[in-house]
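Report on the following structure.
Protein chains: 2
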Amino acid sequence: MTLPLGYLYSATYAGIRKAAKDDVALIVSGLPANAAAVFTQNLVQAAPVKLCRRFLKASHGQVGAILVNAGNANCATRTGEKAAMAACKAASLLLRYPIPQILPASTGVIGVELDAQKIVAALPRLVEALHPDGFEDVARAIMTTDLVPKTAFGEVKLRRGVVRIAGMTKGSGMIHPRMATTLGFVMTDAQIPVAHLRAMLKRSVERSYNRLSVDGDTSTNDTLVLLANGASGVRPDVGEFPRVEEEIARVMESLARAIARDGEGARKLITILVSGAPTNDAAARMARAIANSPLVKTAVAGSDANWGRILSAAGNAGVAFQPARTDIHLQDVMVCRGGVAAPFSEAGLKKKLDAPECEIRVAIRGRGKGEARFWTCDFTEEYIRINASYRT
Amino acid sequence: MTLPLGYLYSATYAGIRKAAKDDVALIVSGLPANAAAVFTQNLVQAAPVKLCRRFLKASHGQVGAILVNAGNANCATRTGEKAAMAACKAASLLLRYPIPQILPASTGVIGVELDAQKIVAALPRLVEALHPDGFEDVARAIMTTDLVPKTAFGEVKLRRGVVRIAGMTKGSGMIHPRMATTLGFVMTDAQIPVAHLRAMLKRSVERSYNRLSVDGDTSTNDTLVLLANGASGVRPDVGEFPRVEEEIARVMESLARAIARDGEGARKLITILVSGAPTNDAAARMARAIANSPLVKTAVAGSDANWGRILSAAGNAGVAFQPARTDIHLQDVMVCRGGVAAPFSEAGLKKKLDAPECEIRVAIRGRGKGEARFWTCDFTEEYIRINASYRT
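So the sequence lines, in the order shown, correspond to chains A and B. In short: position in the first sequence from 1, add 157, done, that's the numbering used here. In short: position in the second sequence from 1, add 157, done, that's the numbering used here.
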């Protein structure tokens with residue numbers, strides 16, 4: 158699959174993180190791209206998040222470049238906005254885009270002052286290195302506790318030609334749904350007006366990033382940007398927008414799943430499917446309650462078919478449903494029928510639960526049509542090890 | 158301190174749990190006691206919880222005995238109510254109390270049928286062994302993953318004489334605040350009318366059990382019963398009720414703290430104090446969000462002064478406050494002033510954080526008068542080990 162046309166990428170090491178791995182990166186569109194973005198709903202927001210909001214308003218959704226750093230969240234810092242602004246200003250001069258068309262993004266430790274000079278000093282090298290094939294370099298540069306870079310690709314054949322989509326994301330801990338979690342950048346070369354792009358992003362986030370939890374902690378820096386620079390020269394017909402949106406959502410779902418799979422300390426990707434709830438929203442709340450239960454997630458880690466914890470977690474979602482009409486399947490094996498134990502082979506299921514993917518299906522029999530899918534990961538001792546000494 | 162007058166206790170092994178440790182117990186009042194109780198707010202409720210509610214209504218708050226078992230939660234079971242009813246019936250015959258004056262309570266694994274015959278067979282031994290000094294035996298018999306029995310005592314000198322209070326509780330995992338968590342039994346020999354007792358319990362729960370979280374999972378069996386049998390012969394004057402209530406609340410706070418301290422895998426008790434919030438309720442929501450953050454709890458486990466996670470967790474509480482006016486103290490050391498880092502000695506604070514108790518103080522400067530105190534524990538690899546294989 159080819160990358161979307163008209164984007165350039167580069168990454169380098171600016172000395173922000175201790176380990177000498179790339180920690181600043183640029184994504185540049187040859188033409189100003191239409192942009193939509195969603196941000197963390199945490200009340201505590203990092204300086205780059207605040208700046209992005211302001212810039213997108215000022216530019217009416219026009220974006221020339223994304224300037225991102227890892228190793229420092231630039232959150233809860235005295236000089237946060239000044240530092241982010243200085244970096245954007247330097248990029249603006251080199252890239253010849255107005256300042257509000259440079260979106261800043263940061264990820265890393267909270268509460269440590271970010272030295273903008275390090276980014277400013279690295280910018281000439283970054284601009285020099287810009288290249289259409291630098292996509293993977295950027296995906297690597299934004300990693301923090303991630304073990305693998307996370308990318309996803311798509312394309313759609315439309316009447317007037319092909320449009321391409323490429324997305325990258327990072328995140329492994331401090332991941333919680335009620336927002337666009339962590340950092341994510343999705344580029345397409347389709348021509349899509351800003352208003353359409355915003356609506357597409359909103360709906361796609363709802364079924365991807367907002368259905369994801371690693372540890373229930375919402376970060377202060379969550380930023381998801383969708384760019385459409387139109388470089389393909391292809392403008393979808395009105396009737397073709399749903400297909401483009403479907404492909405964008407698919408790329409975003411794939412990114413969200415990749416985050417869950419790479420959750421800190423995780424050995425297993427867990428997919429939770431709830432059906433038969435009163436509404437889709439109620440189903441999502443039940444799925445989220447199951448996904449956020451440490452007891453469910455530790456049971457999956459131990460390949461223990463402890464369905465009672467799943468039922469109990471669902472009962473804590475604040476949704477009215479009848480436990481006595483609830484069936485639960487683990488790896489396609491029925492473990493709970495009508496709210497009580499179903500007969501199953503413990504040894505056989507234990508073996509199935511050792512697989513790297515676990516599916517939990519909760520179905521409420523009756524007339525409810527509400528459905529939801531949700532992703533999380535198992536909860537292992539490694540999560541504790543990683544997080545007991547992240548900062549020091 | 159002497160135990161409240163007029164109560165008898167006993168415990169024995171009925172073969173419900175595999176290990177040959179006491180798993181059924183009786184608390185009997187010589188005279189029917191006035192009673193108040195609160196139960197889990199989980200939609201999925203165990204059979205004994207449902208029965209208790211019905212019994213308390215039928216008896217107008219009169220309780221002769223509490224019949225409790227560990228090793229099986231009698232929840233999500235086909236024969237749950239029948240089993241609990243059979244056990245209460247047998248106790249009723251032996252103790253000569255009407256059935257609705259026998260409150261059943263269960264704790265243990267969910268989804269396994271409870272064999273009532275085991276309890277019925279053990280009851281004659283239990284009744285035979287009833288003794289005023291059996292209090293600690295019962296506190297031990299109700300333990301599941303608890304490492305220590307949890308008890309607390311109090312007494313108040315009133316004009317007409319002394320009244321005594323004794324409480325016991327169990328719980329270590331599946332502990333979350335929004336209810337009276339886990340099992341707790343508090344006895345007093347004061348004469349207190351049922352209506353008063355209910356109001357006292359409600360207020361006391363609010364500042365004790367409802368300010369406690371181990372892992373954010375609300376159990377299906379949570380039951381807290383407060384009995385007042387009047388055996389002291391002392392009826393508090395109207396003006397003395399607040400002092401009696403204060404002492405009952407103190408006993409309950411001590412029990413809640415004991416649960417947090419013995420949280421599964423915990424090495425440290427964490428006390429969270431929030432002040433300066435718009436209301437007490439808002440302060441409690443912020444404290445709860447901090448207490449439920451795995452990132453905060455793993456940082457405390459690692460003695461890492463990661464105050465950014467505390468600020469971020471507070472930002473997720475859904476409470477409007479100004480991060481820029483927020484100060485954070487860890488072990489009396491200021492680590493965050495006005496939302497940004499305060500200077501402190503990393504090495505010195507790390508050593509202080511190695512202590513068995515950790516205090517997190519979040520203060521919002523301004524006119525807000527809302528305050529709250531909350532208890533939780535650190536999050537260690539041992540929690541994962543315990544819960545990855547609890548059932549099998």
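All C-beta atoms, glycine included, are put in the ideal place defined by N, C-alpha and C. The model shown is predicted, which means the values in this text are computed figures rather than measured ones.
Own chain, CB closer than 6 Å to residue i, minus 5 neighbours either side, in chain order
i, result
"Val351 of chain B", "Asn191 and Gly218"
"Ala448 of chain B", "Ser370, Ile429, Phe531 and Thr533"
"Ala323 of chain A", "Leu160, Pro161, Phe310 and Met344"
"Asp419 of chain B", "Asp303, Leu304, Val305 and Ser329"
"Ala233 of chain B", "Ile267 and Gly268"
"Ala520 of chain A", "Ser432, Gly433 and Asp484"
"Ser167 of chain A", "Leu183, Leu283, Ala286, Leu287 and Gly291"
"Ala193 of chain B", "Leu354, Arg355, Leu358 and Leu383"
Partners in chain A for residue i, counting only beta-carbon separations shorter than 7 Å
i, result
"Ser546 of chain B", "Gly459 and Asp461"
"Phe536 of chain B", "Ile541"
CA nearest to the CA of residue i, picked from the options
i, options, result
"Val320 of chain B", "B:Ala417, B:Glu403 and B:Val201", "B:Glu403"
"Asp372 of chain B", "B:Ala296, B:Lys507, B:Val453 and B:Ile322", "B:Val453"
"Thr375 of chain A", "B:Gly163, B:Phe501 and B:Gly475", "B:Gly475"
"Leu430 of chain B", "B:Trp532, B:Thr264 and B:Lys275", "B:Trp532"
"Arg442 of chain A", "A:Phe342, A:Arg530 and A:Pro306", "A:Arg530"
"Ala227 of chain B", "B:Ser469, B:Leu162, B:Leu304 and B:Ala171", "B:Ala171"
"Arg253 of chain B", "B:Gln274, B:Val391 and B:Val185", "B:Val185"
"Asn437 of chain A", "A:Phe501, A:Leu283, A:Leu468 and A:Glu363", "A:Glu363"
"Asn463 of chain B", "B:Phe501, B:Ala347, B:Gly163 and B:Gln202", "B:Phe501"
"Met300 of chain A", "A:Ala177, A:Arg518 and A:Glu503", "A:Ala177"
"Glu479 of chain B", "B:Arg524, B:Ala406, B:Pro451 and B:Ser450", "The sequence shown places Gln at residue 479 of chain B, not Glu. The residue with the shortest Cα to Cα distance from Gln479 of chain B is B:Arg524."
"Val201 of chain A", "B:Lys526, B:Arg466 and B:Arg518", "B:Arg466"
"Ala477 of chain A", "A:Phe398, A:Ala439 and A:Leu468", "A:Ala439"
"Met141 of chain B", "B:His486, B:Glu293, B:Ile405 and B:Ala470", "Outside the modelled stretch of chain B, which goes from 158 to 549, sits residue 141 of chain B, for which no answer is possible."
Minimum Cβ-Cβ distance from residue i to chain D less than 8 Å
i, result
"Arg235 of chain B", "Among the chains of the structure shown, chain D does not appear; the protein chains present are A and B."
Contact check, residue i vs residue j, beta carbons under 8 Å
i, j, result
"Ile543 of chain A", "Thr302 of chain A", "yes"
"Val343 of chain A", "Val408 of chain A", "yes"
"Val277 of chain A", "Ala244 of chain A", "yes"
"Asp484 of chain A", "Arg522 of chain A", "yes"
"Val492 of chain B", "Ala499 of chain B", "yes"
"Leu224 of chain A", "Leu183 of chain A", "yes"
"Thr326 of chain B", "Leu340 of chain B", "yes"
"Ala279 of chain A", "Gly237 of chain A", "no"
"Gly496 of chain A", "Thr377 of chain B", "no"
"Leu383 of chain A", "Lys307 of chain A", "no"
"Asp346 of chain A", "Gly396 of chain A", "no"
"Val313 of chain B", "Arg414 of chain B", "no"
"Ile427 of chain B", "Ile349 of chain B", "no"
Same chain, Cβ closer than 8 Å to residue i, neighbours up to 5 away in sequence not counted
i, result
"Gln258 of chain B", "Pro189, Phe212, Ser216, Gln219, Val220, Gly221, Ala222 and Ser249"
"Asp461 of chain B", "Lys507 and Leu510"
"Met336 of chain A", "Confidence at Met336 of chain A is low in this model, with a pLDDT of 43, below 50, so its placement is unreliable and the value that follows should be read with caution. Answer for Met336 of chain A: Val195, Phe196, Thr197, Gln198, Asn199, Tyr366, Asn367, Thr375 and Asp379, listed in chain order."
"Lys425 of chain B", "Val457, Ala458, Ala512, Pro513, Glu514, Cys515, Cys534 and Asp535"
"Leu251 of chain B", "Leu280, Pro281 and Val284"
"Tyr540 of chain B", "Gly330, Asp372, Gly420, Glu421, Gly422 and Ala423"
"Glu503 of chain A", "Ala462"
Beta-carbon contacts of residue i that lie in its chain and below 7 Å, excluding the five residues immediately before and after
i, result
"Pro334 of chain B", "With a pLDDT of only 44 at Pro334 of chain B, under the threshold of 50, the placement of this residue in the model should not be trusted, and no figure is reported."
"Ile256 of chain A", "Cys245, Lys246 and Ser249"
"Asp180 of chain B", "Tyr170, Ala171, Ile173, Arg174, Asn226, Ala227, Gly228 and Ala298"
"Glu270 of chain B", "Thr234, Arg235 and Thr236"
Contact list for residue i against chain B, beta-carbon separation under 7 Å
i, result
"Asn199 of chain A", "Ser469, Gly472 and Asn473"
"Gly496 of chain A", "Ala233"
"Thr455 of chain A", "Ile541, Asn544 and Ala545"
"Ala415 of chain A", "By Cβ distance, chain B contributes nothing, its closest Cβ being about 21 Å from Ala415 of chain A, past 7 Å."
Where residue i meets chain A, residues with beta-carbon distance less than 8 Å
i, result
"Trp532 of chain B", "In chain order: nothing, as chain A lies at least about 17 Å away."
"Pro451 of chain B", "Asp372, Gly373, Asp374, Pro451, Tyr540 and Asn544"
Contact set between residue i and chain A, taken where Cβ atoms lie within less than 9 Å
i, result
"Ile267 of chain B", "Asn463, Trp464, Gly465, Arg466, Leu468 and Ser469"
Contact list for residue i against chain B, beta-carbon separation under 9 Å
i, result
"Ala273 of chain A", "Chain B residues near Ala273 of chain A: none, gap ~16 Å exceeds 9 Å."
Heavy atom of the ligand HEM within 7 Å of residue i beta-carbon
i, result
"Ala352 of chain B", "In the structure shown, the ligand HEM is absent, as is every other ligand, since no ligand is present at all."
Proximal residues of chain B, C-beta to C-beta of residue i below 8 Å
i, result
"Ala477 of chain A", "Leu200"
### Query
What residues in the region 371-405 of chain A bring their beta carbon closer than 8 Å to a beta carbon of chain B?
Asp372, Gly373, Asp374, Thr375, Ser376 and Thr377
### Query
Any residues in the region 480-504 of chain B with a beta carbon nearer than 8 Å to a beta carbon of chain A? Which ones, in chain order?
Pro480, Cys493, Gly496, Val497, Ala498 and Glu503
### Task
Check distances from the C-beta atoms of the region 294-320 of chain B to those of chain A and list, in chain order, the residues that come in under 8 Å.
none
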